[in-house]
Structures are given as structure tokens and as C-alpha cells.
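Under full-length UniProt numbering, think of the first position of the sequence shown as 5, with each following residue one higher.
For glycine and all other residues, C-beta sits at the position ideal for the given N, C-alpha and C.
Accompanying notes for the structure given below.
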Amino acid sequence: DPVLDLACRMPKAELHVHIEGTLEPDLAFALARRNGIALPYADEAALRAAYDFDSLQSFLDLYYACADVLRTADDFRDLMLAYLERAAADNVVHAEIFFDPQTHTARGIAYRTVLDGLEEGLRIGRQRWGISGLLILCFLRHLSEEEAFATLAEAEPWLDRIHGFGLDSSEQGHPPSKFARVFARCRELGKPVVAHAGEEGPPAYVVEALDLLGSARIDHGVRSVEDPALVARLAREAIPLTVCPLSNLRLCVFGTMAEHTLPQLLAAGVRVTVNSDDPAYFGGYLNDNIRAVQAAFAFDAATWQRIARNSFEASFVDAAQKAAWI
Ligand code: ES4
Ligand code: ZN
5 DPVLDLACRM PKAELHVHIE GTLEPDLAFA LARRNGIALP YADEAALRAA
55 YDFDSLQSFL DLYYACADVL RTADDFRDLM LAYLERAAAD NVVHAEIFFD
105 PQTHTARGIA YRTVLDGLEE GLRIGRQRWG ISGLLILCFL RHLSEEEAFA
155 TLAEAEPWLD RIHGFGLDSS EQGHPPSKFA RVFARCRELG KPVVAHAGEE
205 GPPAYVVEAL DLLGSARIDH GVRSVEDPAL VARLAREAIP LTVCPLSNLR
255 LCVFGTMAEH TLPQLLAAGV RVTVNSDDPA YFGGYLNDNI RAVQAAFAFD
305 AATWQRIARN SFEASFVDAA QKAAWI
């Protein structure tokens, strides 16, 4: 398929990837050995066999368990390098990368250790593959507002190293409204904010993310199609959605790719981007997502060009850099 080849070769930005979700089984076992700790799985095959999710929560349980092998700044650097190498191979030239400090500080890993390691990885990746990266600090929404404020306080001494803030983890029962005051403070600090919404949660959570958090993009947002007025608003206000097709399939948001709402959103004029989310867990990196979408929908070249252009337009880099890419 020449269109697929073109889509895979096109320069792109990836705007929705969790660095902890790029931890491949081979690296997880290597880090476990290096740190003298045991994973609750006998080997890589046993771990892979556990990648059989029926919901977001069933995935998150495993994702947080595996993150326990990340202990030192070198671990976070190696994790970042492994992701950037894969991303660069898919012609990703820029990535905006989520990290979850609370997953690590709760285990006694210092915020500084996480940040130093990830940043060293970004620096080496830029030299080696010419790929640029920004960090987005995500708050875990299953934890309290108070814990989010404590995390923000820990991050404040090194705020210049954080490009924006996000909201992730278990969506159901944890509406964006829970973090309205935290996000108001993040915006006061002059940073863009984003939020996962409308993945498993209802379209009303997308509306809350926009109105109560000031979210500049919506991560997932695929359930927005259940509210036509919301879809019209997303299109009118040019609010980007960072859609993750393989993630949605593996977490049973949709039964098959043919049922995915990405084509409806595109047709309505919403600024959709395609992203990998947690590529180690969901069956692949950015071009794997593009292959899966193309197998289901056979888009034309112009559609893939639009999606790639959306990824740059929706990024948080400055206008001059965007113009250079577009
Ligand atoms: C996530 Cl797919 C997804 N949804 C919400 N939070 C997450 N954290 C990592 N992956
Ligand atoms: Zn995500």
C-alpha cells in the first residue's frame, strides 16, 4: 500500500505517549536484574501473556507493577532512550512525553531522580537521532487533590524543565472537576495543560476538561461522538484530540478497529492526531498504530497528510518551529 508507506515515512509529532508505558519486557527484566529485584513474572513470555486487558484498570494494575523496576536516574535515561530510538525509526521528529511522578515518589524514588534521568535521555536522543522532546507532568486522578498539590510543590523548584501538565490514570469516578484548583494553579504558572477524557469516561468529562481545567488538547476524547454538540465545538474551537487507536482496541474501548470513532471525528473536522499511548503494552509504536488504522479504514494520502500536519499544529512548540515542520 503506497499510501501506508507514505504515512509511515512522513515526519510526525507524537503527542500522547507515557514514558512508563514504553517499558518493554526485555528492558523490564534487564532493569530488575540490574537493581536486584524480582518481577512477579517468571520471564518475558509470562509477562507478555499478562497483556490481556479487559479495561483501563486491568492495564493500569500491571503498568504500575512493572514501573517498580525503575529505580535510578540511569534506568529512566535508558527507558527514554529506548523509546526515542523506536520513535525516530517511525519518523517521529518531536515527542511530548507524559511521566507520572507519583508512581515513583510513592515508592521512595525522588522526583529529581526521575527528572534527571528522563532529561539525560532527551539530551542524548536529540544528539543521536535529531529528535526533540518535551516533558508533560501527569497527575494521577485516582489520587487526591491534596496529593496532586503536593506533587506540584515538589516540581516547582525545577519548573523550567516541565513543559506542561496532564491528568491520567483511572477515569471513571474521577472527573476533571476533582482537579480544577490544581489545574488553575498550573495555568497560573504559565504552562499549557491537557487531560485524558472521553476514553472510558463520558463526553461530559471532555466538557469538564475544557471548561473547568482549560485543557488545550484532549487525550483520547473518542467518546465525544456520543454528544454531537461537543463534536461541533471541538471542530469549531480547533481543539486537538490525541487519539490512540491500538490502546483503545487493547483496553476494549472499541471491540474492533472498524468501530473506532476516528473517521467520524475526522469527517466532522476535529483536529485528530494518532499516537501510541503505552506502546510496550498495546501492540506497537506510532507506525504500528498507523498500520492498524489503515488496515481498517484505507485512508487516502491527503488524510494522512492532514493527521501529520495536525500533530505539528497541536504541539506545544513555538510558531517558528511549527512553521519549519509544516
Ligand atoms: C493510560 Cl491508556 C491510559 N489512560 C489513562 N491513564 C493512563 N496512564 C497510562 N496509560
Ligand atoms: Zn494515555
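How is LYS16 classed by DSSP in three states: helix, strand or coil? strand
Evaluate ARG132 with the Cβ neighbour count: other Cβ atoms within 10 Å of its Cβ, from every protein chain shown; 16 or more gives buried, anything less gives exposed. exposed
Output yes or no for whether 9 Å exceeds the beta carbon distance between TYR209 and GLU158. no
On the criterion of 16 or more Cβ atoms from any shown chain inside 10 Å, does TRP308 qualify as buried, or is it exposed? buried
Proximity to THR117 [Cα-Cα], best of PHE80, TYR285, VAL96 and ALA323: PHE80
Roughly how many whole angstroms lie between the Cα atoms of SER219 and ALA199? 6 Å
Which parts of the stretch 292-317 are runs of the alpha helix (DSSP H), unbroken and 4 residues or longer, counting only runs that do not cross its ends? 305-317
Which listed residue (VAL278, GLY287 and VAL235) has its alpha carbon closest to that of LEU269: VAL235
The alpha helix (DSSP H) with GLY129 in it runs from where to where? 115-133
Below 8 Å on the Cβ atoms is my contact criterion, and I expect ALA271 with LEU217 to pass it. Report the Cβ-Cβ distance as a whole number of Å. Not really, about 27 Å apart at Cβ, beyond 8 Å.
Would you call the CB atoms of PRO283 and TYR67 closer than 9 Å? no
What would DSSP say about THR76, mapped onto helix, strand or coil? coil
Please return the same chain residues whose Cβ sits closer than 7 Å to the Cβ of TYR115, not counting the five positions on each side in sequence. PRO105, THR109, GLU158 and ALA159
Less than 9 Å separating the beta-carbons of PHE103 and GLU212? no
Should PRO15 be labelled buried (16 or more other beta-carbon atoms within 10 Å of its own) or exposed? exposed
Straight-line Cα distance separating LEU238 from ARG38: 47 Å
Just to confirm, are HIS20 and VAL247 a CB contact at a threshold of 9 Å? yes
To the nearest angstrom, how far is the alpha carbon of GLN298 from that of ARG254? 17 Å
Identify which residue in ALA93, THR155 and ASP82 has its Cα closest to the Cα of ILE124. The amino acid at residue 124 is misidentified as Ile; the sequence shows Glu. Comparing Cα positions, the closest option is ASP82.
Using only alpha-carbon positions, find the residue among GLY129, VAL274 and LEU290 that is nearest to PRO232. VAL274
Residues passing the C-beta test against ligand 2 heavy atoms, cut-off 6 Å: HIS20, HIS22, ASP172, HIS200, ASP223 and ASP281
Quick check: is any heavy atom of ligand 1 less than 8 Å from the C-beta of LEU8? no
Is PHE103 near ligand 1, going by C-beta to nearest heavy atom under 8 Å? no
Buried/exposed call for THR260, threshold 16 Cβ in 10 Å: exposed
Closest to GLY177 by CA distance: which of HIS264, GLU204 and ILE41 is it? GLU204
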